[in-house]
Ligand SMILES: Cc1cc2nc3c(=O)[nH]c(=O)nc-3n(C[C@H](O)[C@H](O)[C@H](O)COP(=O)(O)OP(=O)(O)OC[C@H]3O[C@@H](n4cnc5c(N)ncnc54)[C@H](O)[C@@H]3O)c2cc1C
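Residue numbers (this note's numbering): 178 to 475.
Listed below in structure tokens is the structure:
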């Protein structure tokens with residue numbers, strides 16, 4: 178019983194002080210979080226969520242860190258890392274395969290599972306450096322989205338909810354979980370059987386197409402497209418191709434990528450604001466960031 182007290186949960190869950198954002202995000206820049214927690218079970222992550230909420234402590238759920246920009250210096254909140262929530266299993270259901278994954282399973286592992294067992298339908302996700310929880314939260318994909326393969330999602334917001342794909346209200350870069358302070362704990366995905374060699378070839382083709390994307394440290398696309406218009410095209414038309422601010426540069430190959438070749442997140446942030454200002458001046462359009470910020474930048 179005493180184990181349920183908030184203070185005890187915070188002591189029981191493995192944690193790390195001075196958690197480095199540059200080492201744990203694909204942007205490779207930013208400072209540190211005071212404390213990061215690594216819950217190992219759904220029960221632990223839920224109790225941790227409650228404990229931090231009750232203490233009025235700021236916290237951020239971190240998956241693969243591939244769509245975040247963390248502030249420089251010290252983030253005065255906690256980070257809940259989902260990396261230890263990584264069990265995955267599957268079973269046949271009707272003519273389909275049902276994959277049941279914890280939120281912290283890496284996409285690369287999901288792809289290996291599909292390749293090894295001959296499961297098709299998810300190959301379009303290959304190469305996205307994310308966790309399944311993060312991909313569901315953001316409805317990852319491009320043209321085809323992870324929402325097309327989801328059966329149900331379990332999340333915790335003080336209570337556990339199991340909701341169907343329809344109830345997730347998926348849209349472009351959107352799920353209902355983005356509107357609530359919550360942690361996605363488990364996901365059920367649907368796939369079909371296929372010859373493993375064909376699945377492997379499909380994955381290879383997707384990875385080959387991805388090699389055309391800009392190299393360097395980034396979060397992928399920084400901005401959402403605007404009403405179907407490519408944000409990259411708007412940025413290029415505003416004359417920002419190759420624009421540099423300190424260690425941040427608008428990729429000349431794909432203007433919706435801002436690459437960082439240094440350690441200052443503030444440079445990336447200020448370049449993002451400059452891009453927004455210029456696009457607004459030129460087209461009267463306010464671009465919306467897809468990247469999620471951790472901490473204060475002002
Ligand atoms: C090289 C590169 C290529 C990319 N290509 C694509 C692409 O093709 N398509 C695409 O859509 N995106 C792409 N991205 C962006 C990114 O990979 C996706 O947005 C992905 O969904 C983020 O998942 P993550 O696990 O890394 O989440 P994080 O970056 O860790 O977090 C992103 C957001 O999700 C929240 N979150 C993460 N896990 C949970 C959870 N369990 N519960 C609740 N909230 C959670 C975080 O709090 C945060 O708000 C790319 C990024 C890079 C660096």
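In this text, a Cβ means the ideal position worked out from N, Cα and C, and glycines have one as well.
Helix, strand or coil at residue i according to DSSP, with G and I counted as helix
i	result
residue 185	helix
residue 305	coil
residue 334	coil
residue 418	coil
residue 222	helix
residue 249	coil
residue 476	Lying outside 178 to 475, the shown extent of the chain, residue 476 is not represented and no answer is given.
residue 394	strand
residue 292	helix
residue 425	strand
residue 376	helix
residue 370	strand
residue 458	helix
residue 452	helix
residue 360	strand
residue 178	Confidence is the limiting factor: at residue 178 the pLDDT is only 36, short of 50, which leaves the residue's position unreliable, though a coordinate-based value still follows. Residue state, collapsed to three classes: coil.
residue 283	strand
residue 381	helix
residue 201	helix
residue 430	coil
residue 447	helix
residue 310	helix
residue 387	helix
Strand pairing of residue i, partner residues [DSSP]
i	result
residue 348	351
residue 239	258
residue 194	212
residue 277	266 and 365
residue 321	319
residue 228	Paired residue(s): none; residue 228 is not in a bridge.
residue 403	406
residue 471	247
residue 466	400
residue 327	366
residue 341	329
residue 297	369
Where residue i falls, given that 16 or more other Cβ within 10 Å makes a residue buried
i	result
residue 179	Confidence at residue 179 is low in this model, with a pLDDT of 41, below 50, so the placement of that residue should be treated as unreliable; the coordinate-derived value is given next. The residue is exposed, with fewer than 16 neighbouring Cβ atoms inside 10 Å.
residue 251	exposed
residue 231	exposed
residue 292	buried
residue 200	exposed
residue 463	exposed
residue 195	exposed
residue 429	exposed
residue 249	buried
residue 444	buried
residue 239	buried
residue 404	exposed
residue 190	buried
residue 341	exposed
residue 415	buried
residue 213	buried
residue 279	buried
residue 289	exposed
residue 307	buried
residue 468	buried
residue 262	buried
residue 385	exposed
Contact with chain B by residue i, beta-carbon distance below 8 Å
i	result
residue 202	The question asks about chain B, but that chain is absent: this structure has only one protein chain.
The stretch 270 to 288 in contact with the stretch 298 to 316 per 3-pair CB rule at 8 Å: Contact between the stretch 270 to 288 and the stretch 298 to 316 is present: 3 or more CB-CB pairs across the two stretches fall below 8 Å.
Within 8 Å, do at least three Cβ pairs link the stretch 459 to 467 to the stretch 220 to 233? Verdict: no, contact absent.
Evaluate the contact criterion for the stretch 422 to 432 versus the stretch 341 to 350: three or more CB pairs, one atom per stretch, below 8 Å. Judged by pairs of C-beta atoms under 8 Å, the stretch 422 to 432 does not touch the stretch 341 to 350, as fewer than three such pairs exist.
Using 8 Å as the cut-off, can you tell me whether the stretch 239 to 247 makes contact with the stretch 198 to 212, which would need three or more C-beta pairs spanning the two stretches below that distance? The answer is yes - the stretch 198 to 212 touches the stretch 239 to 247, with three or more Cβ pairs under 8 Å.
Does the count of Cβ pairs from the stretch 433 to 440 and the stretch 402 to 418 closer than 8 Å reach three? Cβ pair count under 8 Å is three or more, so yes.
Given 8 Å, three or more beta-carbon pairs between the stretch 183 to 193 and the stretch 307 to 321: Contact check between the stretch 183 to 193 and the stretch 307 to 321: fewer than three CB pairs, one atom from each, fall below 8 Å, which does not count as touching.
I want to know whether the stretch 262 to 274 touches the stretch 371 to 378 - three or more CB-CB distances under 8 Å. Too few Cβ pairs lie closer than 8 Å, so no.
Can you confirm whether the stretch 309 to 316 touches the stretch 387 to 399 when touching is taken to mean that 3 or more C-beta pairs between the two stretches lie within less than 8 Å? No, the stretch 387 to 399 does not touch the stretch 309 to 316.
For the stretch 324 to 341 and the stretch 354 to 370, state whether three or more C-beta atom pairs, one from each stretch, are separated by less than 8 Å. Yes, the stretch 324 to 341 touches the stretch 354 to 370.
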